[in-house]
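In order, the protein sequence lines correspond to chains A and B.
By the working numbering, the letter at position 39 of the first sequence is numbered 41, and the numbering carries on one by one without gaps.
By the working numbering, the letter at position 16 of the second sequence is numbered 18, and the numbering carries on one by one without gaps.
For each residue, glycine too, the CB sits at the ideal point set by N, CA and C.
Everything on this sheet refers to the single structure shown next.
Protein chains: 2
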Amino acid sequence: MDQVYTYESLYAFTKAVFLKMGCSDVDATTATTVLVSADLRGIDSHGVARLSGYVRLWEVNRINATPNIQVVHETPSTAVVDGDAGLGLVVAPFAMQIAIEKAKQVGTGWVSVRNTNHFGIAGYHAMMALEHQMIGMAMTNASALVAPTFSIERMLGTNPIAVAIPAGEQPPFVADMATTTAANGKLEILQRKNAAAPLGWVQDKEGHASTDANILKKEGALLPLGSDREHGSHKGYALGAIVDIFSAVLSGGSYGPWAPPFPAYVPMPENMPGKGLGHFFGAMRVDAFRPAEEFTTHMDNWITRFRNAKPAPGLDRVLIPGDPEREYEQERMEKGIPIVASVVDDLKALGEKLGIAWMD
Amino acid sequence: MDQVYTYESLYAFTKAVFLKMGCSDVDATTATTVLVSADLRGIDSHGVARLSGYVRLWEVNRINATPNIQVVHETPSTAVVDGDAGLGLVVAPFAMQIAIEKAKQVGTGWVSVRNTNHFGIAGYHAMMALEHQMIGMAMTNASALVAPTFSIERMLGTNPIAVAIPAGEQPPFVADMATTTAANGKLEILQRKNAAAPLGWVQDKEGHASTDANILKKEGALLPLGSDREHGSHKGYALGAIVDIFSAVLSGGSYGPWAPPFPAYVPMPENMPGKGLGHFFGAMRVDAFRPAEEFTTHMDNWITRFRNAKPAPGLDRVLIPGDPEREYEQERMEKGIPIVASVVDDLKALGEKLGIAWMD
């Protein structure tokens with residue numbers, strides 16, 4: 003049975019953990035806000051379920067709790083940020099803020115980041131642009147779990163892309179997607195239920211179709227969006243590759259199969275071609291293209307028209323990207339956030355280890 | 003049987019057609035270069051097979067052969083271009099060139115275009131950036147043929163995204179993909195062969211899975227990349243939507259189900275919210291992020307590593323995006339370009355109508 007916690011109690015516990023790691027109060031606040039936004043928005047795999055994973059990376063000195071995050075290269079519309087091995091949860095908002103400042107000056111801002119770590123949900127960072135009447139973009143590379151089309155080798159992470167677009171009366175358009183058919187978190191849910199994966203999500207170590215939700219532990223791989231060549235997996239592969247290159251080749255991060263692994267027990271790859279993970283952020287001022295009110299009026303029209311597209315028989319509505327997450331957020335802010343038992347146990351053990359009082 | 007023509011002869015015939023339409027010599031040269039690059043690169047659906055379609059649009063005054071293409075809004079890193087209903091084949095390189103000039107000045111350039119038409123292959127425009135040591139991007143909206151996830155209504159075009167990334171010794175990385183499981187051109191090939199489509203490419207008018215390659219003529223729809231919800235079609239839908247918004251909502255073009263149709267016999271949509279189709283282009287100077295030689299060296303390393311990824315048993319190699327098209331280009335430049343009989347007939351009729359001598 004899931005247990006339900008308030009946003010405030012999860013927030014307080016998580017912030018106490020980051021403070022124990024040695025983060026400054028400002029950084030712990032930022033990291034907590036980003037991390038718990040995943041639980042709020044229903045992306046449970048990227049929230050507090052990962053908290054002890056971050057702590058383990060800090061314990062083996064792969065995460066620096068007091069980083070000196072710096073801009074190392076820039077032009078009027080671009081920058082490269084070195085995250086100094088800091089929490090991605092802190093480095094990413096720093097970098098996105100620079101993209102926003104550049105957009106204020108010259109219309110758009112684009113920031114590639116090296117020497118960083120897992121940044122939580124991409125959507126959070128993209129959405130930072132919204133209050134400035136800007137379109138926001140965020141992407142990151144990640145540990146290699148995905149085989150390119152025609153390959154059996156894990157070469158890419160699930161490399162998400164998020165794009166947030168402001169509207170007027172309507173809530174914003176917020177797409178946040180792994181470039182694989184299914185995110186790794188979806189597989190983890192099936193593992194806990196001992197259930198099979200749909201065909202098209204994973205392959206075994208010889209490249210055969212598989213429904214084994216545990217296949218990644220047996221040298222299998224996740225499949226790029228599209229699943230197989232006939233259904234466009236070469237497109238998912240290309241999208242994941244673009245994210246990898248923008249995030250890590252542009253910045254000087256470690257790319258492809260050399261991306262640093264999230265689990266602290268997995269050894270770092272040999273001969274890494276760059277420093278740490280990479281992210282990429284973009285901000286585009288809407289009024290760098292047309293008057294903001296014109297744009298938001300047409301976005302309202304776009305959203306309304308698509309929301310009213312004819313649903314297939316038996317289905318009641320067509321969704322706009324961001325609808326499900328926003329509905330989760332409203333519901334969970336009000337009624338609390340359900341956490342699965344194994345994560346509760348993991349967090350309790352983490353609290354005990356660090357001497358942080360548990361919530362109940 | 004296909005007939006084989008040299009690049010030069012297809013080029014000469016095509017240019018003569020554009021000149022007859024009233025294009026200036028410069029514009030006819032540009033339009034021809036872009037159009038025939040599709041045939042060269044093996045994307046037969048977007049090359050001379052569409053030539054008579056452009057002529058029909060010109061005949062009904064939907065294409066202006068002597069447009070006054072203008073920048074109507076700009077900031078240091080952005081611009082909006084009004085294509086004055088010109089050929090997309092001419093408007094797009096104009097706009098991409100502006101993106102490149104802006105990138106020279108401030109690191110990146112981003113141009114959204116309204117009041118334009120079909121622009122040929124997205125990859126051509128993205129690749130314009132390569133010789134400047136820039137990353138190029140190109141996208142466009144198109145006539146609505148694609149149903150969003152959970153819908154039976156055609157709301158989006160096949161809305162392609164192209165990204166071209168320069169390397170050093172290696173050939174560049176060039177992704178050019180429709181945001182659907184299969185491009186419309188793939189369906190047309192099956193129609194000519196009277197063959198069935200794989201499940202997951204299209205649905206019928208009630209939203210059921212279909213293998214009928216002619217289903218678009220029966221109110222069916224193409225499916226977003228991912229095919230169905232379980233396999234991530236909501237991601238393909240979001241990608242197609244982002245292309246639509248960047249191309250047409252940012253610029254003041256006509257978006258979603260109101261995008262103007264390519265077939266000249268299809269009436270224009272009522273209550274269009276903007277002018278013409280929309281495109282979106284980007285150029286990012288590589289050395290706006292890190293020294294160009296560092297970047298291209300790492301791109302060579304990226305490409306080499308991925309090309310050497312372990313292939314699945316029975317397959318001989320893993321491809322880099324752009325490999326197949328480059329191989330087509332080399333082969334066809336040398337041995338000629340095969341054109342299917344129905345397209346040859348169509349072009350012959352077009353030549354007769356316009357008084358242009360045929361090639362053989």
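Original post:
Any contact of the region 155 to 173 of chain A with the region 109 to 129 of chain A, i.e. 3+ C-beta pairs under 8 angstroms?
Top reply: Touching, per the Cβ criterion.
Original post:
Would DSSP call A:VAL93 helix, strand or coil?
Top reply: Here A:VAL93 sits in helix by DSSP.
Subject >> Where the region 287 to 313 of chain B meets chain A: residues whose CB sits under 8 angstroms from a CB there >> reply: Flagged, chain order: ARG287, VAL288, ALA290, PHE291, ARG292, GLU296, PHE297, HIS300, MET301, ASN303, TRP304, ARG307, PHE308, ALA311, LYS312, PRO313.
Subject >> Classification of A:GLU133 by the beta-carbon crowding that lies within 10 angstroms, buried from 16 upward >> reply: A:GLU133 is exposed by the Cβ-count criterion.
Original post:
Going straight from the alpha carbon of B:LEU21 to that of B:GLU190, what length do you get?
Top reply: Going from the Cα of B:LEU21 to the Cα of B:GLU190 covers about 28 angstroms.
**OP:** Please say whether A:TYR267 and B:TRP304 have beta carbons closer to each other than 9 angstroms?
**Re:** Against a cut-off of 9 angstroms, the Cβ pair of A:TYR267 and B:TRP304 comes out as no contact.
**OP:** Within its chain, find whatever has a CB closer than 8 angstroms to the CB of B:ALA311; leave out the 5 residues flanking it on each side and keep chain order.
**Re:** Here the set comprises VAL320.
**OP:** Evaluate contact between the region 349 to 361 of chain A and the region 342 to 350 of chain B, counting only Cβ atoms and requiring at least three cross-stretch pairs below 8 angstroms.
**Re:** Fewer than three pairs of CB atoms, one per stretch, sit closer than 8 angstroms, so the region 349 to 361 of chain A makes no contact with the region 342 to 350 of chain B.
Subject >> Exposed unless 16 or more other CB atoms sit within 10 angstroms - verdict on A:THR306 >> reply: A:THR306 counts as exposed, since fewer than 16 other C-beta atoms from the protein chains shown sit within 10 angstroms of its C-beta.
Original post:
Mind checking if B:PHE283 is an interface residue toward chain A, Cβ cutoff 9 angstroms exclusive?
Top reply: No, B:PHE283 does not count as interfacial toward chain A.
Subject >> Start-to-end residues for the alpha helix (DSSP H) that takes in B:ALA128 >> reply: For B:ALA128, the uninterrupted alpha helix (DSSP H) run begins and ends at 124 to 129, by DSSP.
Subject >> Of the listed residues B:ASN70, B:ALA40, B:LEU89, nearest to B:ARG58 (C-alpha basis) >> reply: For B:ARG58, the nearest C-alpha among the options comes from B:LEU89.
**OP:** Starting from A:GLU363, follow its DSSP beta bridges and name the residues at the other end.
**Re:** A question about residue 363 of chain A goes unanswered here, because the residues of chain A that appear run from 3 up to 362.
Original post:
Any residues in the region 225 to 244 of chain A with a beta carbon nearer than 7 angstroms to a beta carbon of chain B? Which ones, in chain order?
Top reply: Here the close residues are LEU227, GLY228, SER229, GLU232, HIS233, GLY234, LYS237, ALA240, ALA243, ILE244.
Original post:
Can you find a CB in chain B that lies within less than 9 angstroms of the CB of A:GLN72?
Top reply: No, A:GLN72 does not count as interfacial toward chain B.
Original post:
Mapping DSSP to helix, strand and coil, what is A:THR160?
Top reply: In the three-state reduction of the DSSP assignment, A:THR160 falls in the coil class.
Subject >> Any C-beta of chain B under 9 angstroms from that of A:GLU103 >> reply: No, A:GLU103 does not count as interfacial toward chain B.
Original post:
Would a check of beta-carbon distances place A:VAL251 closer than 9 angstroms to chain B?
Top reply: Contact of A:VAL251 with chain B is assigned, a C-beta pair being separated by under 9 angstroms.
Original post:
B:PRO263 to A:GLU272, Cα distance in whole Å?
Top reply: Each residue's alpha carbon lies about 53 angstroms from the other.
**OP:** Round the Cβ separation of A:GLY24 and A:VAL38 to the nearest angstrom and send it over; I've been treating them as touching at under 8 angstroms.
**Re:** Not confirmed; about 20 angstroms, so no contact.
Original post:
Are three or more beta carbon pairs between the region 329 to 337 of chain A and the region 165 to 185 of chain B nearer than 8 angstroms?
Top reply: Taking 8 angstroms as the limit for Cβ pairs, the verdict is that the region 165 to 185 of chain B does not touch the region 329 to 337 of chain A.
Subject >> Beta-carbon proximity of B:MET98 to B:ALA144, cut-off 9 angstroms >> reply: Contact flag unset, no.
Subject >> Where A:ALA211 falls, given that 16 or more other Cβ within 10 Å makes a residue buried >> reply: Answer is exposed; the Cβ neighbour count stays below 16.
**OP:** Please state whether DSSP places B:HIS233 in a helix, a strand or coil.
**Re:** In the three-state reduction of the DSSP assignment, B:HIS233 falls in the helix class.
Original post:
Does the beta-carbon distance from A:ALA14 to B:ILE244 come in below 9 angstroms?
Top reply: B:ILE244 sits away from A:ALA14, with the two beta carbons spaced by 9 angstroms or more.
Subject >> Stretch-stretch touch, CB-based, cutoff 8 angstroms, three pairs: the region 94 to 110 of chain A with the region 69 to 86 of chain A >> reply: Pairwise C-beta distances place the region 94 to 110 of chain A in contact with the region 69 to 86 of chain A, as three or more of them are shorter than 8 angstroms.
Original post:
Whose Cβ in chain A lies nearer than 8 angstroms to the Cβ of B:PRO275?
Top reply: The CB of B:PRO275 comes closer than 8 angstroms to the CB of HIS300, ASN303 in chain A, given here in chain order.
Original post:
Would A:VAL158 pass as a contact of A:PRO226 if the rule is Cβ separation under 9 angstroms?
Top reply: Note that residue 158 of chain A is Leu in the sequence shown, not Val. The answer is yes: Cβ separation under 9 angstroms.
Original post:
With a CB to CB cut of under 7 angstroms and the five nearest residues on each side skipped, what residues in its chain are close to B:ILE92?
Top reply: Looking at the sequence provided, one finds Val at residue 92 of chain B rather than Ile. Counting only Cβ-Cβ distances below 7 angstroms, and skipping sequence neighbours, we find ASP29, THR32, ALA33.
**OP:** Within 10 angstroms of the Cβ of A:GLY357, are there 16 or more other Cβ atoms? Answer buried if so, exposed if not.
**Re:** Result: exposed.
Subject >> Proximal residues, the region 193 to 214 of chain A versus chain B, C-beta separation under 7 angstroms >> reply: From the region 193 to 214 of chain A, only PRO200, GLY202, GLU208, GLY209 have a Cβ closer than 7 angstroms to chain B.
Subject >> For A:PRO226, three-class secondary structure by DSSP >> reply: Reduced to three states, the DSSP call for A:PRO226 is strand.
Subject >> Rounded C-alpha distance that separates A:MET139 from B:THR298 >> reply: Looking at the two C-alpha atoms, the distance is approximately 24 angstroms.
Subject >> Boundaries of the beta strand (DSSP E) in which B:ASP178 is found, first to last residue >> reply: Counting along the chain, B:ASP178 sits inside the beta strand (DSSP E) bounded by residues 175 to 179.
Subject >> Nearest neighbour of B:PRO69, chosen from B:ASN63, B:SER54, B:TRP60, B:ASP86 [CA to CA] >> reply: Checking every option, the nearest Cα to that of B:PRO69 belongs to B:ASP86.
Original post:
Residues in its own chain within less than 8 angstroms of A:ASP27 by CB, not counting five upstream and five downstream?
Top reply: If you ignore the 5 residues before and after A:ASP27, its C-beta comes within less than 8 angstroms of the C-beta of LEU21, all in its own chain and listed in chain order.
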